[in-house]
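Student: According to the numbering used here, the sequence shown is numbered sequentially starting from 49.
For each residue, glycine too, the CB sits at the ideal point set by N, CA and C.
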Amino acid sequence: MDYVSLARPAVRLLHEYSAGTTIDQAKRRFELDRVIKLSSNENPRGSSPKALAAMATLTGANLYADDDHLHLRARLSEPYGLRIENTILGHGSNEILLMFFLTFIGPGDEVIMADPTFSLFPADAIVTGATPVRVQLRDGGHDLDAMLAAVTPRTKAVIVCDPNNPSGTCVDPAAFAQFSSLLPPDVLLFIDQAYREYMPAASVEGTDYVKSRRGTIVTRTMSKLYGLASVRFGYGFADQGMIDLMQRVRVPFNVSSPAALAALGALDDDEFRLATIAMNDEGKAYLEAAFKRLGLFAYPSAANFIAVRVPVAADGAYTDLLKRGIIVRSGDKLGMPNFLRITIGLPEENRALVAALEAELPVWRERAQIPA
Ligand SMILES: Cc1ncc(COP(=O)(O)O)c(C=O)c1O
């Protein structure tokens with residue numbers, strides 16, 4: 049039986065999501081004892097202790113959970129002046145993205161997005177039969193003018209990833225306000241803010257647009273700042289009318305009881321949140337200064353990772369760092385050749401990274417001189 053011919057044509061166009069190298073894979077490949085993982089923008093400090101403690105109180109795992117999660121949705125939405133009806137929960141924010149596509153996007157639709165940006169945006173467009181319309185970044189950031197110019201009568205949605213993965217850049221708040229006012233009112237606006245907590249104070253606040261512009265959705269996650277990537281919990285805010293429709297495609301009980309407990313615990317964990325932000329800010333300043341000293345260009349980061357340019361092919365640089373026990377993400381796979389995407393780590397991890405770069409750079413620079 050030829051399964052490929054049985055698959056929906058859209059599926060034939062897709063590749064499996066590539067999650068990057070795991071610590072175990074790195075250890076096995078180069079027989080390493082210790083590996084530093086700076087490749088998936090996780091929280092290097094671990095998980096919110098209050099989230100872990102809340103998860104440990106789990107009882108009644110034999111029963112289906114209360115699928116409305118009213119208390120949790122209220123806790124998430126109230127600080128923004130939003131309501132339970134504006135709030136949807138997901139098995140990570142990835143799932144909310146997919147629910148958005150399954151609800152609103154179909155064959156013949158165009159979805160405008162940056163290039164490069166988070167790989168699931170084009171993947172979800174393709175899987176729903178739509179066309180991803182990719183607009184090149186300008187200076188590593190969203191080119192909002194070009195994105196507006198790309199709007200056609202077929203445009204169903206525009207996605208803005210703020211901060212953008214993999215470049216780490218954020219959009220200018222004034223430019224974004226203008227962009228959103230010029231976007232045709234029947235075009236949906238999807239703002240992915242997976243890294244919102246790390247952003248500078250005067251950044252785009254996606255929920256403001258949920259309140260002021262119909263057809264806008266913003267997504268957030270507890271995978272990053274709260275260190276709950278494996279627990280899987282994300283959430284989204286939008287107009288009640290949008291949320292009601294998306295609830296129809298939501299898989300029942302998509303948020304497990306442990307995940308809901310963890311989310312509630314995390315929301316009480318100001319100490320962990322603030323300490324993580326402080327450590328990330330310090331690490332970012334340290335790495336930015338080190339990259340400058342080493343003569344490496346990096347995009348200004350509004351997130352917990354930095355995109356830095358290396359003088360050789362990114363895949364080669366990635367492998368050289370891996371041999372030294374440091375996993376980073378090669379930009380070659382992310383549409384950013386010659387760049388590495390590096391998660392800001394613990395202070396000692398950042399120092400180890402800089403030492404590894406210092407050791408490799410003379411070799412890379414020499415290699416770059418040799419014509420291929
Ligand atoms: C821009 C962006 N959006 C969404 C996600 C997915 O987050 P979650 O773990 O909540 O599904 C990621 C994860 O890397 C991301 O970088």
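Does at least one heavy atom of ligand 1 sit under 6 angstroms from the Cβ of Cys-218?
Tutor: Along the sequence shown, read from residue 1 onward, the residue named residue 218 stands at position 170. No, the Cβ of Cys-218 stays beyond 6 angstroms of every heavy atom of ligand 1.
Student: By the three-class DSSP mapping on this structure, what secondary structure does Leu-194 have?
Tutor: As a first step, residue 194 must be located in the sequence shown, where it is residue number 146. The residue asked about is misnamed: residue 194 is Ala in this sequence, not Leu. Here Ala-194 sits in helix by DSSP.
Student: Please determine whether the Cβ atom of Phe-285 lies at a distance below 6 angstroms from any heavy atom of ligand 1.
Tutor: Indexing the sequence shown from 1 puts residue 285 at position 237. No; taking the cut-off as 6 angstroms, the Cβ of Phe-285 has no heavy atom of ligand 1 nearer than that.
Student: Say yes only if the C-beta of Phe-166 is nearer than 6 angstroms to one or more non-hydrogen atoms of ligand 2, and no if none qualify.
Tutor: Ligands present in the displayed structure are limited to ligand 1, and ligand 2 is not among them.
Student: Can you check the segment 92-145 for any alpha helix (DSSP H) of at least 4 residues that lies completely inside it and give the ranges in chain order?
Tutor: DSSP runs (the alpha helix (DSSP H)) wholly in the segment 92-145: 97-103 and 118-125.
Student: Could you have a look at Asp-81 and say whether DSSP puts it in helix, strand or coil?
Tutor: If you number the sequence shown from 1, residue 81 lands on position 33. Here Asp-81 sits in coil by DSSP.
Student: Using DSSP's beta-bridge definition, name the partner residues of Gly-189.
Tutor: For the purposes of this step, residue 189 is taken as the residue at position 141 of the sequence shown. The partner list for Gly-189 (beta bridge, DSSP) reads Arg-186.
Student: Tell me whether the beta-carbon of Val-433 lies closer than 7 angstroms to the beta-carbon of Pro-180.
Tutor: In the structure displayed, the chain extends from 49 to 420; residue 433 sits before or after that span and is not available.
Student: Say yes only if the C-beta of Ser-271 is nearer than 6 angstroms to one or more non-hydrogen atoms of ligand 1, and no if none qualify.
Tutor: Counting from 1 along the sequence shown, the entry for residue 271 is found at position 223. For ligand 1, at least one heavy atom lies less than 6 angstroms from the Cβ of Ser-271.
Student: With distances taken from CA atoms, which of Asp-287, Met-147, Ser-278 and Arg-377 is nearest Thr-259?
Tutor: Working through the sequence shown from its first residue, we reach residue 259 at position 211. Reading off the sequence, residue 259 comes out as Lys, not Thr. The shortest C-alpha separation from Lys-259 is found at Asp-287.
Student: Answer yes or no: does any C-beta atom of chain C fall closer than 7 angstroms to that of Ala-361?
Tutor: Going by chain labels, chain C is absent from the structure shown, which holds only one protein chain.
Student: When the Cβ atoms of the segment 373-381 are set against those of the segment 228-246, are three or more pairs found closer than 8 angstroms?
Tutor: Contact fails: fewer than three Cβ-Cβ distances are below 8 angstroms.
Student: From Ala-250 to Ala-222, what distance separates their C-alpha atoms?
Tutor: Locating residue 250 in the sequence shown gives position 202, counting from the first residue. Locating residue 222 in the sequence shown gives position 174, counting from the first residue. Those two C-alpha atoms are separated by around 10 angstroms.
Student: Taking 8 angstroms as the cut-off, does the segment 349-365 touch the segment 127-141 (at least 3 CB pairs, one atom from each stretch)?
Tutor: Not touching, per the Cβ criterion.
Student: In the DSSP assignment, what residue or residues form a beta bridge with Phe-387?
Tutor: Position 339 of the sequence shown, counted from the first residue, corresponds to residue 387. According to DSSP, which records beta bridges pairwise, Phe-387 is partnered with Arg-357.
Student: Should Gln-73 go down as buried or exposed, given a rule of 16 or more other Cβ atoms within 10 Å for buried?
Tutor: As a working mapping, residue 73 is identified with position 25 in the sequence shown. Answer is exposed; the Cβ neighbour count stays below 16.
Student: Buried or exposed for Glu-406, please, with buried defined as at least 16 other CB atoms from any protein chain shown within 10 angstroms of its CB.
Tutor: By 1-based counting over the sequence shown, the position of residue 406 is 358. Exposed, since its Cβ has fewer than 16 Cβ neighbours within 10 Å.
Student: If we count the other Cβ atoms within 10 Å of its Cβ and call it buried at 16 or more, is Val-421 buried or exposed?
Tutor: A question about residue 421 goes unanswered here, because the residues of the chain that appear run from 49 up to 420.
Student: Per DSSP, what kind of secondary structure is Arg-202 in: helix, strand or coil?
Tutor: Residue 202 sits at position 154 when you count from the first residue of the sequence shown. Looking at Arg-202 - three-state DSSP - the assignment turns out to be coil, as it is neither helix nor strand.
Student: Note the first and the last residue of the continuous beta strand (DSSP E) segment covering Met-290.
Tutor: For the purposes of this step, residue 290 is taken as the residue at position 242 of the sequence shown. Not the beta strand (DSSP E): Met-290 falls in the alpha helix (DSSP H), residues 288-297.
Student: Compute every distance between the C-beta of Ser-304 and the non-hydrogen atoms of ligand 1, then say whether any falls below 6 angstroms.
Tutor: For the purposes of this step, residue 304 is taken as the residue at position 256 of the sequence shown. The answer is no for Ser-304.
Student: Smallest Cα separation from Gly-343: which of Ala-333, Ile-418, Val-356 and Gly-331?
Tutor: Here residue 343 refers to the residue found at position 295 when the sequence shown is read from its first residue. Ranking the options by Cα distance to Gly-343, first place goes to Val-356.
Student: By DSSP's criteria, Pro-158 is part of a beta bridge. Which residues make up the other side?
Tutor: The residue labelled residue 158 in the question sits at position 110 within the sequence shown. Residue 158 is actually Glu in this sequence, not Pro. Partner(s): Thr-179 and Thr-203.
Student: Tell me which same chain residues have a C-beta within less than 6 angstroms of the C-beta of Phe-224, skipping the five on either side of it?
Tutor: As a position in the sequence shown, residue 224 is number 176, starting the count at 1. The residues are Val-252.
Student: Give every residue of the same chain whose Cβ lies closer than 6 angstroms to the Cβ of Ala-122, excluding the five residues on either side of it in the sequence, and list them in chain order.
Tutor: In the sequence shown, counting from the first residue as 1, residue 122 sits at position 74. The answer, listed in chain order, is Ile-132.
Student: Assign Pro-201 to one of two classes, buried (16 or more other C-beta atoms within 10 Å of its C-beta) or exposed (fewer than that).
Tutor: Position 153 of the sequence shown, counted from the first residue, corresponds to residue 201. Pro-201 should be labelled exposed.
Student: According to the Cβ coordinates, are Leu-106 and Leu-312 closer than 7 angstroms?
Tutor: To locate residue 106, count along the sequence shown from 1; it is residue 58. To locate residue 312, count along the sequence shown from 1; it is residue 264. Not closer than 7 angstroms, so no.
Student: Answer yes or no: the CB of Asn-328 versus the heavy atoms of ligand 1, is any distance below 6 angstroms?
Tutor: One-based indexing of the sequence shown puts residue 328 at position 280. It does not: the Cβ of Asn-328 is nowhere closer than 6 angstroms to a heavy atom of ligand 1.
Student: I'd like the list of long-range same chain contacts for Ser-125, defined as Cβ closer than 8 angstroms, with 5 residues on each side in sequence excluded.
Tutor: Position 77 of the sequence shown, counting from 1, holds the residue named residue 125. Excluding residues within five positions, the ones whose Cβ falls inside 8 angstroms are Arg-131, Ile-132, Asn-134, Thr-135 and Phe-285.
Student: Under 8 angstroms, with one C-beta from each stretch per pair, do the segment 305-322 and the segment 95-103 reach the 3-pair mark?
Tutor: Flag = yes, the segment 305-322 and the segment 95-103 touch.
Student: Around the C-beta of Val-208, are 16 or more other C-beta atoms found within 10 angstroms, so that it is buried, or is it exposed?
Tutor: Numbered from its first residue, the sequence shown carries residue 208 at position 160. So Val-208 ends up on the buried side.
Student: The beta strand (DSSP E) that contains Val-266, what's its start and end?
Tutor: Your numbering for residue 266 matches position 218 in the sequence shown. Here the beta strand (DSSP E) through Val-266 covers 264-269.
Student: Taking 6 angstroms as the limit between beta carbons, can you name the residues of its chain near Pro-170, skipping five residues before and five after?
Tutor: One-based indexing of the sequence shown puts residue 170 at position 122. Excluding sequence neighbours, Pro-170 sits near Pro-180.
Student: Taking the DSSP output, what are the residues bridged to Cys-209?
Tutor: Here the question's residue 209 lines up with position 161 in the sequence shown. BP columns for Cys-209 point to Asp-240.
Student: Identify whether Ile-375 lies in helix, strand or coil by the three-state DSSP scheme.
Tutor: If you number the sequence shown from 1, residue 375 lands on position 327. Reduced to three states, the DSSP call for Ile-375 is strand.
Student: To which residues does DSSP link Tyr-283 through a beta bridge?
Tutor: The sequence position of residue 283 within the sequence shown is 235, counting from 1. Note: Tyr-283 sits in a beta bridge opposite Leu-137 and Arg-268.
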